[in-house]
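Asker: Here the sequence shown stands for residues -27 to -1, 1 to 264, where the numbers follow mature numbering (1 follows the signal peptide of the UniProt record, and there is no 0).
Beta carbons: idealized from backbone N, C-alpha and C, even for Gly.
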Amino acid sequence: MIIRSLRTNLNLLLALGFFNSCGLVHALDFDCHVTVNDLKFDLTSMGGEHILNRTRSTPPTTMIDSLRFDLCADLKRMDYLSEHDQCSSNTRVCLTKVNQKDKETDRVTAVIPVAESSSVEVEFTVSNEPKSLTIQFHGGTYAGTSTKQTLNLTVFCDPDKLSDPQFIGYDGSRVDVEWHGPPGCSFAEAPKDGGNEGKEGEKPSEGGGKPPDESVGSGIGWFFLVILIALLTYFGLGAYYKYSTYGASGLDLIPHRDFWKEVPYMLSDVFSHLCASSRPRRAARSGYISV
Ligand SMILES: *[C@@H]1O[C@H](CO)[C@@H](O)[C@H](O)[C@H]1NC(C)=O
Ligand SMILES: *[C@@H]1O[C@H](CO)[C@@H](O)[C@H](O)[C@H]1NC(C)=O
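(1) What's the gap between the Cα of residue 12 and the Cα of residue 156?
(2) For a test of the three-state rule: what should DSSP assign to residue 191, helix, strand or coil?
(3) In chain order, what residues of the same chain have a beta carbon less than 6 Å from the beta carbon of residue 265, not counting five sequence neighbours either side?
(4) Between residue 26 and ligand 1, is the CB less than 7 Å from at least one heavy atom?
(5) Suppose the cutoff is 6 Å on Cβ atoms and the five residues either side in sequence are ignored; what does the same chain contact list for residue 158 look like?
(6) Heavy atom of ligand 1 less than 7 Å from the Cβ of residue 108, yes or no?
(7) Check the DSSP bridge columns for residue 160 and list the partner residues they point to.
(8) Under 8 Å by Cβ, that's how I've got residue 216 and residue 205 pegged, so tell me the actual separation to the nearest angstrom.
(9) For residue 135, tell me which candidate among 246, 15, 40 has the shortest Cα-Cα distance.
(10) Compute the beta-carbon to beta-carbon distance between residue 66 and residue 110, rounded to the nearest angstrom, for a pair I have assumed lies under 8 Å.
(11) Output the distance between the C-alpha atoms of residue 86 and residue 119, rounded to the nearest integer angstrom.
(12) Suppose you measure from the CA of residue 117 to the CA of residue 123; what does that come to, to the nearest Å?
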């Protein structure tokens, strides 16, 4: 029990220290409601499919990096593209590279599933300078490279209006996208009104969801800590008293030794009754207790 209470306190420390600024969640739970450290974000207005193109001149051709994503749901199939020119159907973020050459048909040269909802991890980071929320989708690997494909989407707080997302760059594994709008602004958590907040939006919130559990856990932790200290004080002072008064030594130092000798028998008695009876309460009461 003591070990458990210490672990509870450790978890509390972890929760305070780590999850405050950052939360991890599995993508399947992610429905565009985010809670990080009691700060709530509503990203639903950023949902729906977006296509961002970035054009690079590579004479005699032109490369178009085309980023297609939907934060809140899986992407739909594109009927006019063949199967191998698009990501599979459970993908949320898909990057394709298209090569264009005059008088020739476009050639899709790479299809990169940046985030497939079956395997992705979503990570949130809140920043105050400037006010923003960063969402990172960590997906799988692509074409034998060891680094995970990641969508790094930063939403800067702009209470007035939602801008269009901007494709900042792709370095071979990390897609950077920036966005400005109200979803980047947090709103404080509504006061707790009796577990009435069990909406799906609560799920992604490691940060916001944990503290209530943790405070209960830490209460129990402190309870056992106080009992432990009380016991240590009792045995310490008792032993000192016996030593200084009667010059006791060894097992004789234990205060109320006769009583403590009985305790194991009492406990085993209680437990044997508990196990033997289908009604534990009655059994416990009828258990033999030494006075
Ligand atoms: C982006 O590029 C793709 C591939 O060339 C093209 O089909 C699509 O129309 C472009 N979208 C925009 C918004 O420019
Ligand atoms: C994500 O993008 C933001 C803004 O574009 C940038 O400041 C930040 O360093 C990027 N994060 C990572 C992990 O590269």
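Answerer: On the basis of the coordinates in this document:
(1) 12 Å
(2) helix
(3) No statement about residue 265 is possible, as the shown extent of the chain runs from -27 to 264 and does not include it.
(4) yes
(5) 130, 132
(6) no
(7) 13
(8) At roughly 16 Å, the Cβ-Cβ gap does not stay under 8 Å, so residue 216 and residue 205 are not in contact.
(9) 15
(10) 6 Å
(11) 15 Å
(12) 15 Å
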